[in-house]
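Data block below; observations after.
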Amino acid sequence: MALDRRLPTLGLILAGALALAGCRAEKPSRLVLIGMDGGSWTLLDPMIQAGELPHFQGLIDRGVSADLASVEPLFSPPVWTSIATGRSPAAHGVDFFYANRFSIKVPTIWERLSAGGVRVGLYDYLVTWPPREYPGGFVVPGWLRRNEAVWPPDLFQKIGIPRYAYSVVSLGGPEKVVANSERELVEKPRTWNRLWKEMKPDVGAVTFYALDVMGHRFWQKKDVMRRTALGMDRALGEILASLGPDDNVLIASDHGFQLSPNPSRRWGFDARWLLEQGGIGNDGITVVSEWVNMTLRINPGPEAQREATLARLGELFGSIRATDGSPAFELDVVHVPERPSEARERPRMLTRTMQRLQPAYAFVVAVPIPDSMERIGREGIVGIGGRRFPAERFATAHDFTGEHNPVGIFLAAGKAIRHRPGRARLSVLDIAPLMTYLAGQPIPGDFEGRLTRALLDPGYLERHPPRHVSAAQAPRLPAEPGMPGMPGAADSETEERLRALGYI
Numbered sequence: 074m075a076l077d078r079r080l081p082t083l084g085l086i087l088a089g090a091l092a093l094a095g096c097r098a099e100k101p102s103r104l105v106l107i108g109m110d111g112g113s114w115t116l117l118d119p120m121i122q123a124g125e126l127p128h129f130q131g132l133i134d135r136g137v138s139a140d141l142a143s144v145e146p147l148f149s150p151p152v153w154t155s156i157a158t159g160r161s162p163a164a165h166g167v168d169f170f171y172a173n174r175f176s177i178k179v180p181t182i183w184e185r186l187s188a189g190g191v192r193v194g195l196y197d198y199l200v201t202w203p204p205r206e207y208p209g210g211f212v213v214p215g216w217l218r219r220n221e222a223v224w225p226p227d228l229f230q231k232i233g234i235p236r237y238a239y240s241v242v243s244l245g246g247p248e249k250v251v252a253n254s255e256r257e258l259v260e261k262p263r264t265w266n267r268l269w270k271e272m273k274p275d276v277g278a279v280t281f282y283a284l285d286v287m288g289h290r291f292w293q294k295k296d297v298m299r300r301t302a303l304g305m306d307r308a309l310g311e312i313l314a315s316l317g318p319d320d321n322v323l324i325a326s327d328h329g330f331q332l333s334p335n336p337s338r339r340w341g342f343d344a345r346w347l348l349e350q351g352g353i354g355n356d357g358i359t360v361v362s363e364w365v366n367m368t369l370r371i372n373p374g375p376e377a378q379r380e381a382t383l384a385r386l387g388e389l390f391g392s393i394r395a396t397d398g399s400p401a402f403e404l405d406v407v408h409v410p411e412r413p414s415e416a417r418e419r420p421r422m423l424t425r426t427m428q429r430l431q432p433a434y435a436f437v438v439a440v441p442i443p444d445s446m447e448r449i450g451r452e453g454i455v456g457i458g459g460r461r462f463p464a465e466r467f468a469t470a471h472d473f474t475g476e477h478n479p480v481g482i483f484l485a486a487g488k489a490i491r492h493r494p495g496r497a498r499l500s501v502l503d504i505a506p507l508m509t510y511l512a513g514q515p516i517p518g519d520f521e522g523r524l525t526r527a528l529l530d531p532g533y534l535e536r537h538p539p540r541h542v543s544a545a546q547a548p549r550l551p552a553e554p555g556m557p558g559m560p561g562a563a564d565s566e567t568e569e570r571l572r573a574l575g576y577i
């Protein structure tokens, strides 16, 4: 009789154990992180309230939103690396733009998830160059890449479409910057959707840069920023349409945007056109930079010939004048090795650039004089060698009116996410533990952020209680050899991109 009384209890225990085993065997839903560099509630909120951004509104209606506190320094590479590691820049080691994947001192969630058997796909995510081999996954490094390498090497052939990865336009007027950003908002969602469909990652990340690039230059131009936000909403809608009903989606920005208290005007030049007007050929001259300053390298060669070139360049730049006769440039000539008469204090970035681009006979640095350039831009005329030309043929003005704000955006929706009205508060450091949990993996103990349970559906949490593991026991991919030395030209290309964005 005692045995009979225990049978119902034993049955309940067995049934519970079977149910728990079934929950643990349940495969996690696919997960995508959509990065929006420079995404700001300041821009988006009024448009959401006006009904202009239906896909942002749709995520808010069925999920959660939050103010996302960033980390210092407030540059994209450190912050996106904090999102990918759950660690502060002091811990992960990326503090500026010259980092590559080997600069990261701690494991990324991409590496840990891949080591745990999760297929990872990364598209235009920063500090992922050179691309790592993720089994069953893919990597298209972000715009700070030093070459066009992707993983697997035949990735775009596999998915059957031409390569598209975002790049920075360094020349041309503001209209080319706008066109480049508009192209990103059209091409990138299509390419990502093809990658998502054909490569079938379990966890993916795709990053957009249009809001940041446009925010720096056009923050005060409401029509331009509105068009960019509308384009971002359309791109978001295309990606959401490709997801399954159970897929989880996160949206995050590395920082927000705000009006700069010290707006600045910077100039881009057409150095080759200028040399043609001066009757100076390309032989022996390399254009190093056409942004902010015009920097030319005089390549090694016979002294008499190179000195004659320097003299002609001096005459050419000295002849560039505003209509009132004021000179447009101050000229700095630096021989290699530098002569005592040329010694002066120069910007550290310029000194480093000249050091890297040797051998050279000399460098010519033409620094625009603000008052003269303002007159040239205002009147639309520039004098060169006694002749007059349309100023727009020679130079284009870029007004930088926006700057980074430490609070970005966060949204989430999907099978595991609860609907929560109002706006929560999170840190970029909280994203790594959230993504790790949503991918069905144990949360490593070295994360500085926390898993915010208030974002998660209570029933999902009950069926999938979070698991934790020490950092030492967390999955790791095999160690790799160190980073090979890179040629100086690659660093020069990176600097040109940074000049185009206004960071240097």
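Counting along the sequence shown from 1, when you hit position 356 you're at 429 in the numbering used here, and nothing is skipped either side.
Note that the Cβ used here is the ideal one computed from N, Cα and C, for glycine as well.
Counting only residues of its own chain and dropping the five nearest sequence neighbours on each side, Arg385 has a CB closer than 6 Å to the CB of Ile353. Secondary structure of Ala547 (DSSP, three-state): coil. For Gly357, the secondary structure class from DSSP, reduced to helix, strand or coil, is coil. Residue burial is scored here from C-beta neighbours: Lys261 has at least 16 other C-beta atoms within 10 angstroms and is therefore classed as buried.
Rounded to whole angstroms, Gly374 and Asp405 show a C-alpha spacing of 20 Å. The beta carbon of His408 is closer than 8 Å to those of Glu415, Tyr434 and Ala435 in its chain, skipping five residues each way along the sequence. Counting only runs of 4+ residues, the alpha helix (DSSP H) found wholly inside the stretch 370-450 occupies 376-391 and 421-429, in chain order. Under the three-state reduction of DSSP output, His477 falls in the strand class.
Contact annotation: the stretch 138-149 touches the stretch 479-486, with at least three C-beta pairs closer than 8 Å. When the Cα atoms are used, Lys178 and Ser392 turn out to be separated by approximately 52 Å. Excluding five sequence positions before and after Arg461, the CB atoms of its chain that fall closer than 6 Å to its own CB belong to Ile454, given in chain order. Around the beta carbon of His477, 16 or more other beta carbons lie within 10 angstroms, which makes this residue buried. In the assembly as shown, Trp340 is a buried residue. Its beta-carbon has 16 or more other beta-carbons within 10 Å. Ranked by Cα distance from Leu511, the options Asn220, Tyr533, Asn355 and Ala470 are led by Tyr533. Non-local beta-carbon contacts of Gly310 in its own chain, meaning distances under 7 Å to residues more than five positions away in sequence, involve His128 in chain order.
Residue pairing for Pro247: DSSP places it in no beta bridge. In its chain, beyond the 5 residues on either side, Ile482 have a beta carbon closer than 6 Å to the beta carbon of Trp114. CA-to-CA, the gap between Gly387 and Asp444 works out to about 20 Å.
The count of Cβ pairs closer than 8 Å, one atom from the stretch 284-298 and one from the stretch 194-203, stays below three, leaving the stretches out of contact. Within its own chain, the residues whose Cβ lies closer than 7 Å to the Cβ of Leu529, once the five positions on either side in sequence are excluded, are Ala489, Ile490 and Arg491, listed in chain order. Taking the CA atoms as reference points, Asp110 sits about 11 Å from Asp197.
DSSP places Phe148 in the coil class of the three-state scheme, outside both helix and strand.
Leu389 and Gly458 have their C-alpha atoms spaced approximately 7 Å apart. Using a C-beta cut-off of 8 Å, the stretch 323-342 makes contact with the stretch 142-157, since at least three inter-stretch Cβ pairs fall below that distance. When C-alpha distances from Ser500 are compared across Val297, Arg219, Gly522 and Asp397, the shortest belongs to Gly522. When beta bridges are read from the DSSP output, Arg263 appears opposite no residue. The three-state reading of DSSP puts Asp197 in strand, counting E and B together.
Here Glu184 is buried, its C-beta having at least 16 other C-beta atoms within 10 Å. With respect to Gly304, Leu258 sits close: the two C-beta atoms are nearer than 7 Å. The residue among Thr382, Gln293 and Val212 with its C-alpha nearest the C-alpha of Val437 is Thr382.
Inclusion of Gly215 and Leu199 in the CB contact set at 7 Å is warranted, their separation being smaller than that value.
For the 7 Å CB-CB criterion, Gln230 and Thr474 do not form a contact. When DSSP states are grouped into helix, strand and coil, Val279 belongs to the strand group. Per the coordinates, the alpha-carbon of Phe170 lies some 41 Å from the alpha-carbon of Asp397.
DSSP links Pro214 through a beta bridge to Tyr198.
In this structure, DSSP gives Val365 a state outside helix and strand, which the three-state scheme calls coil.
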